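184 is the number of the first residue of the sequence shown in this note's numbering; add one for each residue after it.
Heads up, the beta-carbon is just placed ideally off N, CA and C, and yes, glycines get one too.
Since the model is a prediction, treat every value here as computed from it, not as a measurement.
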Amino acid sequence: MKALQGITVLEFASYVSGPYAGMMLADLGAEVIKIESPDGGDPFRGWGAADYSATFGSVNRNKKSVVLDLKTAGGLAAARVLAESADVLIENFRVGTMDRLGLGYEAIRKTNPRLIYASITGFGQSGPYAERAGYDTVGQAMSGLFSVLTNLD
Numbered sequence: 184m185k186a187l188q189g190i191t192v193l194e195f196a197s198y199v200s201g202p203y204a205g206m207m208l209a210d211l212g213a214e215v216i217k218i219e220s221p222d223g224g225d226p227f228r229g230w231g232a233a234d235y236s237a238t239f240g241s242v243n244r245n246k247k248s249v250v251l252d253l254k255t256a257g258g259l260a261a262a263r264v265l266a267e268s269a270d271v272l273i274e275n276f277r278v279g280t281m282d283r284l285g286l287g288y289e290a291i292r293k294t295n296p297r298l299i300y301a302s303i304t305g306f307g308q309s310g311p312y313a314e315r316a317g318y319d320t321v322g323q324a325m326s327g328l329f330s331v332l333t334n335l336d
């Protein structure tokens with residue numbers, strides 16, 4: 184038996200930060216259900232020649248994947264049903280996206296007060312850069328690290 188067996192994680196995440204967190208929980212035995220959009224899913228899925236790139240596979244192993252269109256009432260309703268019985272929810276959308284969808288912490292805790300809600304952002308939930316997307320290269324560029332890594336002299 185693994186440490187997190189019996190724990191259900193709902194993952195609304197793409198690229199690296201959220202999927203990596205979900206992968207670690209899946210590796211420890213949690214059932215991780217990755218929610219993907221119908222327009223190709225996680226952008227890392229299509230990197231390369233196939234619909235399941237090595238980059239995607241490296242941070243999405245041991246997960247189940249469900250396609251839900253969160254732009255439709257049916258897709259949102261299905262997401263809410265899944266969230267009602269989940270133990271953990273991971274999301275890494277821009278700040279405010281989950282609230283606009285009716286899937287933010289305040290909305291979900293009404294039907295699932297025991298849910299652990301992890302919101303991963305590049306710049307935090309508030310402040311001057313909160314609504315900006317955060318990626319590795321953005322952090323490197325803003326910190327000056329990118330100039331060191333790209334200096335080929």
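Apart from the 5 residues on each side of it in sequence, GLY205 sits with its Cβ closer than 7 Å to the Cβ of VAL192, GLU194, ALA196, VAL215, LYS217, LYS246, ILE273 in its chain, given in chain order.
Spanning the alpha carbons of GLN323 and GLU314 requires a straight line of approximately 18 Å. Residue environment analysis places THR304 among the buried positions, since at least 16 neighbouring C-beta atoms fall within 10 angstroms of its C-beta.
No Cβ-Cβ contact shorter than 8 Å links THR238 with GLU267.
Annotation for TYR198: no alpha helix (DSSP H) segment contains it, and DSSP assigns it neither H nor E. PRO311 and SER302 have their alpha carbons spaced roughly 18 Å apart.
The shortest C-alpha to C-alpha distance from VAL199 to any of LEU211, VAL242, ALA186, LYS185 is the one to VAL242.
Counting along the chain, the unbroken beta strand (DSSP E) around SER302 starts and ends at 299–302. Between the alpha carbons of ALA209 and SER220 lies a distance of about 21 Å.
Between LEU259 and LEU328, the alpha-carbon positions lie close to 40 Å from each other.
CA-to-CA, the gap between LEU253 and LYS185 works out to about 32 Å.
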